[in-house]
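>
2 protein chains.
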Amino acid sequence: MTLKKNVRTIRSPQPLPQAEEHRQTRRDHAVEIAEDYAEAIADLTLETGEARVVDLARRLGVTHVTVNRTIARLQRDGFVSSQPYRAIFLTEKGRRLASASKRRHELVVAFLISLGVSERVARLDAEGMEHHVSAETLAAFQAALPRTGQEGRKGQEG
Amino acid sequence: MTLKKNVRTIRSPQPLPQAEEHRQTRRDHAVEIAEDYAEAIADLTLETGEARVVDLARRLGVTHVTVNRTIARLQRDGFVSSQPYRAIFLTEKGRRLASASKRRHELVVAFLISLGVSERVARLDAEGMEHHVSAETLAAFQAALPRTGQEGRKGQEG
DNA sequence: AAAACAATGTAGCTGATGCTAAATTATTTG
DNA sequence: CAAATAATTTAGCATCAGCTACATTGTTTT
Chain W
583 MTLKKNVRTI
593 RSPQPLPQAE
603 EHRQTRRDHA
613 VEIAEDYAEA
623 IADLTLETGE
633 ARVVDLARRL
643 GVTHVTVNRT
653 IARLQRDGFV
663 SSQPYRAIFL
673 TEKGRRLASA
683 SKRRHELVVA
693 FLISLGVSER
703 VARLDAEGME
713 HHVSAETLAA
723 FQAALPRTGQ
733 EGRKGQEG
Chain S
583 MTLKKNVRTI
593 RSPQPLPQAE
603 EHRQTRRDHA
613 VEIAEDYAEA
623 IADLTLETGE
633 ARVVDLARRL
643 GVTHVTVNRT
653 IARLQRDGFV
663 SSQPYRAIFL
673 TEKGRRLASA
683 SKRRHELVVA
693 FLISLGVSER
703 VARLDAEGME
713 HHVSAETLAA
723 FQAALPRTGQ
733 EGRKGQEG
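Respectively, the protein sequence lines represent chains W and S. Just so you know, we're using this note's numbering here: the first sequence kicks off at 583 and counts up by one. Just so you know, we're using this note's numbering here: the second sequence kicks off at 583 and counts up by one.
(1) Measuring only between beta-carbons, confirm whether W:Asp659 sits less than 8 angstroms from chain S.
(2) With DSSP as the reference, identify every bridge partner of W:Leu672, one or two as the case may be.
(3) For S:Thr648, which of S:Gln606, S:Ile615, S:Glu718, S:Thr607 has the nearest alpha-carbon?
(4) To test your reading of the DSSP string, which unbroken alpha helix (DSSP H) runs of 4 or more residues are found completely within the segment 687 to 739 of chain W?
(5) Applying a beta-carbon distance threshold of less than 8 angstroms, which residues of chain S neighbour W:Gln606?
(6) Tell me which residues share the same chain as S:Pro728 and place their Cβ nearer than 8 angstroms to its Cβ, disregarding the 5 neighbours each side in the sequence.
(7) Counting pairs of beta carbons, one from the segment 627 to 640 of chain W and one from the segment 669 to 679 of chain S, are three or more of them closer than 8 angstroms?
(8) Quick check on S:Ala722 - is its C-beta less than 8 angstroms from some C-beta in chain W?
(9) Mind pulling the chain S residues with CB within less than 7 angstroms of W:His714?
(10) Any Cβ of chain S within less than 8 angstroms of the Cβ of W:Thr719?
(11) Name the two residues that bound the continuous alpha helix (DSSP H) containing S:Glu602.
(12) Among S:Ala717, S:Ala725, S:Arg702, which has the Cα closest to the Cα of S:Ala682?
(13) Residues in the segment 678 to 702 of chain W with C-beta within 7 angstroms of chain S's C-beta atoms, listed in sequence order?
(14) Comparing alpha-carbon positions, which option in W:Ala612, W:Val691, W:His714, W:Gln606 lies nearest S:Thr719?
(15) Can you name, in chain order, every residue of its own chain whose Cβ lies under 8 angstroms from the Cβ of W:Val699, other than the five neighbours on each side?
(16) Bridge partners of W:Ala633, per DSSP?
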């Protein structure tokens, strides 16, 4: 503690406004992984008919052990269903998460590219950013996007 | 495994391109906290002359115990210096991180606001997004920003 | 159908990030 | 300066997310 005692008296014991922003970011992080997995499972199911542990591992850049554990958590939380030694499928809840997530992802990528960011960097940045883009900001991105074919409306040209 | 054996033969054993994006995001996450702490310490040092554990805790929305442990890690990694029971100060490395981080933060907020996002939401979203914005994307934000006084140059009007 | 191989699951480790409760140290006050 | 108060640290717990090594189960191949 410093010598100036009145400095401390000024500080409030309540949480500061900034605290809420940080808390929100931490909360977001808890669902990021669910969104990434849901998206990957949806993609794989479309591509090959099913999502398997090895494929998810390869796509997400982790070992199959990590995938296994995470899938257990996602099943616990109602996002996926799976039988031992079988493929993984999204529940209705998981499908909703995946489609919302995919839409956001594609929109962020398209928006960054429209700003002149290279596709590679756009994809890299979008992967991290997308989870923190609120509905309001997403709408602003959409509005700012030059309509070169109405992205994000019906087709996802990934 | 499915009955169609050729499906598997097609898959490559190497990591997919998407894997790198996810890996990058996870790497980013490792430095997010360092950036948040560095920024908070810089702010507090400016405001009150020193950054203390309780103040950081209040600002970041965590308990003082969490702050304590994180500060130990940041000290281990060379971002801060602190003596037991004393205030926390940024090292040169920490100051660099803080100022880069603050500049990025302010620029992202300004950019979102320029898109029509409300200030409150802009700040909430920026807190999560900023850590995933690459130099290239940041430059694109800067370029797209209407120069209403050259934000991000010298003054931070927070 | 048995052997070989691929995929999945389990055990047990590391480290980061959160917490509460209790101990310690510093500061302020009487 | 001693007591009271405030701040910091330590101890110990939980969860998430990653890993390697090994065990088990499914699939393919011979």
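Just so it is clear, CB atoms sit at the ideal spot from N, CA and C, and this is done for glycine as well. Only a predicted model underlies this, so the values are computations on that prediction, with no experimental measurement involved.
Here's the rundown:
(1) Here the question's residue 659 of chain W lines up with position 77 in the first sequence. Judged by the 8 angstroms Cβ criterion, W:Asp659 is not in contact with chain S.
(2) As a working mapping, residue 672 of chain W is identified with position 90 in the first sequence. For W:Leu672, which the question treats as bridged, DSSP gives the partners W:Val662.
(3) Residue numbering aside, residue 648 of chain S sits at position 66 when the second sequence is read from its first letter. Among S:Gln606, S:Ile615, S:Glu718, S:Thr607, the Cα nearest to that of S:Thr648 is on S:Ile615.
(4) For the segment 687 to 739 of chain W, the continuous alpha helix (DSSP H) assignments of 4+ residues that do not extend past its boundaries occur at 701 to 711, 717 to 726, in sequence order.
(5) Along the first sequence, read from residue 1 onward, the residue named residue 606 of chain W stands at position 24. Within 8 angstroms Cβ-Cβ: Leu706, Glu709, Gly710.
(6) Within the second sequence, residue 728 of chain S is the residue found at index 146, counting from 1. Correct list, in chain order: Ser696.
(7) Note that the segment 627 to 640 of chain W does not touch the segment 669 to 679 of chain S; fewer than 3 beta-carbon pairs, one per stretch, sit closer than 8 angstroms.
(8) As a first step, residue 722 of chain S must be located in the second sequence, where it is residue number 140. In terms of beta-carbon proximity, S:Ala722 lines the interface with chain W, with at least one pair separated by less than 8 angstroms.
(9) Looking up residue 714 of chain W in the first sequence gives position 132. Near W:His714 (Cβ distances below 7 angstroms), the residues of chain S are Asp707, Gly710, Met711.
(10) On the first sequence, residue 719 of chain W is found 137 positions in, with the first residue counted as 1. Chain S contact via Cβ: present.
(11) Taking the second sequence and counting its residues from 1, the one referred to as residue 602 of chain S is at position 20. Looking at the DSSP string, the run of the alpha helix (DSSP H) that includes S:Glu602 is 599 to 630.
(12) Working through the second sequence from its first residue, we reach residue 682 of chain S at position 100. Here the closest residue by C-alpha is S:Ala717.
(13) Along the segment 678 to 702 of chain W, going in chain order, the ones with a CB nearer than 7 angstroms to a CB of chain S are Leu694, Leu697, Gly698, Val699, Ser700.
(14) Taking the first residue of the second sequence as position 1, residue 719 of chain S is located at position 137. If we check each option's Cα against that of S:Thr719, W:Val691 comes out closest.
(15) In the first sequence, residue 699 of chain W corresponds to position 117, counting from 1. Around W:Val699: Asp707.
(16) Numbered from 1 along the first sequence, position 51 holds the residue referred to as residue 633 of chain W. W:Ala633 is bridged to W:Ile670.
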